[in-house]
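Residue 22 in the UniProt record's numbering sits at position 22 of the sequence shown, with consecutive numbering throughout.
Structure first, then comments.
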Amino acid sequence: MKTLKYVFWAIVAVVLILVGLANRDATTLQAMPTPFADLLGISPNITLPLFVVIFLAAGIGLLVGLIWEWIREYPERLDARAKEKELTRLRKEVADLRMTTGHPEQGDDVIALLDAPRKKAG
Numbered sequence: 001m002k003t004l005k006y007v008f009w010a011i012v013a014v015v016l017i018l019v020g021l022a023n024r025d026a027t028t029l030q031a032m033p034t035p036f037a038d039l040l041g042i043s044p045n046i047t048l049p050l051f052v053v054i055f056l057a058a059g060i061g062l063l064v065g066l067i068w069e070w071i072r073e074y075p076e077r078l079d080a081r082a083k084e085k086e087l088t089r090l091r092k093e094v095a096d097l098r099m100t101t102g103h104p105e106q107g108d109d110v111i112a113l114l115d116a117p118r119k120k121a122g
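Shown next as structure tokens:
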């Protein structure tokens, strides 16, 4: 399975390198449309190779998706945390009840019979 994972990532690396080599041409990114840039008197432009633009777009998209999913899962995490606290409280309550009744290790009679040591015949 480890070998399969390494082969997969090697293929991904080769594909990314090929995409980078095929898209080396310089591309100018403009932060705002030309009429607005002329109106404000600033023109925030940057020239990058196209593969950098592609990889940055993919990376930013992944980051936005991860943050979006993390925010979406907040209610589930909150619910799980509340249930974990309740479970801890109930386990403590059961342990306290066992101690107050004087039977700290008493369990099910059937399980006690199954767990009892067996005598060898003979």
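Each residue gets a CB set at the ideal place from its N, CA and C atoms; glycine is no exception.
With distances taken between CB atoms, is the gap from residue 26 to residue 49 smaller than 8 Å? yes
Closest by CA to residue 128, which one among 24, 73, 42 and 21? Because the chain here runs from 1 to 122, residue 128 falls outside it and cannot be looked at.
In three-state DSSP terms, what is residue 46? strand
Spatial distance of residue 19 from residue 29 (CA atoms): 19 Å
Check for me: the beta strand (DSSP E) holding residue 202 runs from which residue to which? The displayed coordinates of the chain run from 1 to 122. Any statement about residue 202 would go beyond what the structure contains.
Find out if the Cβ-Cβ distance for the pair residue 54, residue 23 is shorter than 8 Å. yes
Environment of residue 8 [buried if 16+ CB atoms lie within 10 Å]: exposed
Length-filtered (4 minimum) alpha helix (DSSP H) runs lying within the UniProt domain "Lipopolysaccharide assembly protein A" (47 to 94): 50 to 72
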